Amino acid sequence: MERNVTEPLANEEEINRRHNEKMARRKAARERMLATKTEERGLLIVHTGKGKGKSTAAFGMVLRCLGHGMRVGIVQFVKGVWTTGERVALERFGNLVTCRAMGEGFTWDTQDRARDPSYRLVLLDELNIVLRYDYLPLDEVVAGLRAKPRDLHVVVTGRNARPELIEAADLVTEMTLVKHPFRSGVKAQLGIEF
Numbered sequence: 002m003e004r005n006v007t008e009p010l011a012n013e014e015e016i017n018r019r020h021n022e023k024m025a026r027r028k029a030a031r032e033r034m035l036a037t038k039t040e041e042r043g044l045l046i047v048h049t050g051k052g053k054g055k056s057t058a059a060f061g062m063v064l065r066c067l068g069h070g071m072r073v074g075i076v077q078f079v080k081g082v083w084t085t086g087e088r089v090a091l092e093r094f095g096n097l098v099t100c101r102a103m104g105e106g107f108t109w110d111t112q113d114r115a116r117d118p119s120y121r122l123v124l125l126d127e128l129n130i131v132l133r134y135d136y137l138p139l140d141e142v143v144a145g146l147r148a149k150p151r152d153l154h155v156v157v158t159g160r161n162a163r164p165e166l167i168e169a170a171d172l173v174t175e176m177t178l179v180k181h182p183f184r185s186g187v188k189a190q191l192g193i194e195f
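This is the structure we're talking about:
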């Protein structure tokens, strides 16, 4: 029984042809969907949940904005004056970044940097904790966030985001804890937690 050596090649060509057709249909569908997305505006983004990564994800957005030459304002509400790796790294970006760490507890930066039109992104790190303990009036904060400049992105982090903030937000991500080394007696690690 003689085997046809061109048969596998023909099958491969048919597989490639079908794959190319399938990908062309997907591309066309994607382009149709993207054509309907025309609004451009700043977003209110909330990172919440018990899992690690809320601030880390937000600082990833900070880095992305800096890569595009955008000015960024950061207020760290709970982290206080202790040195964090992100603050040290961000000092290298000079006047593109303004970073304020709130000292002894939960206080508000009285200059309300979210209203400065030269900023493209404002990170309110751990604001959810401040709101949870009623250190700031929730209604006023949500009203201020709703009244932000149209092209300003604001990212709010921290556990237990209030329902009113979630309702006002454009994008909400909840980080879920699956496993954490702290539960096994491992202390906070330089470069991982701070």
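Counting with this note's numbering, you get residues 2 to 195 for the letters of the sequence shown.
Note that the Cβ used here is the ideal one computed from N, Cα and C, for glycine as well.
Everything numeric in this text was worked out from a predicted model, so none of it was measured.
{"Asked": "Straight-line gap, A115 to I193 (C-alpha atoms, nearest Å)", "Found": "A caution first: A115 carries a pLDDT of 48, below 50, which makes its placement in the model unreliable, though a value can still be read off. Approximately 28 Å between the Cα atoms of the pair."}
{"Asked": "Distance between T158 and T177 (C-alpha atoms, nearest Å)", "Found": "14 Å"}
{"Asked": "Own chain partners of G61 with C-beta closer than 8 Å, once the 5 adjacent residues on each side are dropped", "Found": "none"}
{"Asked": "Rounded separation between T108 and F78 - CA only", "Found": "Unreliable placement is indicated for T108, whose pLDDT of 37 sits below 50; the coordinate value is still reported in the next sentence. The straight-line gap from Cα to Cα measures roughly 7 Å."}
{"Asked": "CB of R42 within 7 Å of CB of Y120, strictly", "Found": "no"}
{"Asked": "Segment contact, 8 Å Cβ cut-off, at least three pairs: the region 89-105 with the region 52-69", "Found": "yes"}
{"Asked": "Proximity of G74 and T57 at Cβ, strictly below 7 Å", "Found": "no"}
{"Asked": "Cβ contact check for the region 21-36 and the region 128-140: 3 or more pairs under 8 Å", "Found": "no"}
{"Asked": "Whether A59 touches L124 by CB criterion (7 Å)", "Found": "yes"}
{"Asked": "Distance CB(I46)-CB(L172) smaller than 7 Å", "Found": "yes"}
{"Asked": "Chain B within 7 Å of V179, Cβ atoms only", "Found": "The structure shown contains no chain B; it holds only a single protein chain."}
{"Asked": "Helix, strand or coil at A25 [DSSP, three-state]", "Found": "helix"}
{"Asked": "Opposing strand residues paired with L124 [DSSP bridges]", "Found": "I75, V156"}
{"Asked": "Classification of K55 by the beta-carbon crowding that lies within 10 angstroms, buried from 16 upward", "Found": "buried"}
{"Asked": "In DSSP terms, what V142 is bridged to", "Found": "Answer is none; V142 lacks a bridge partner."}
{"Asked": "CA-to-CA distance, T174 to V131, given in whole angstroms", "Found": "19 Å"}
{"Asked": "Contact check, L44 vs H181, beta carbons under 7 Å", "Found": "no"}
{"Asked": "Range covered by the alpha helix (DSSP H) that runs through I167", "Found": "164-169"}
{"Asked": "Start-to-end residues for the beta strand (DSSP E) that takes in L91", "Found": "Not the beta strand (DSSP E): L91 falls in the alpha helix (DSSP H), residues 86-91."}
{"Asked": "V142 beta carbon less than 7 Å from that of R101", "Found": "no"}
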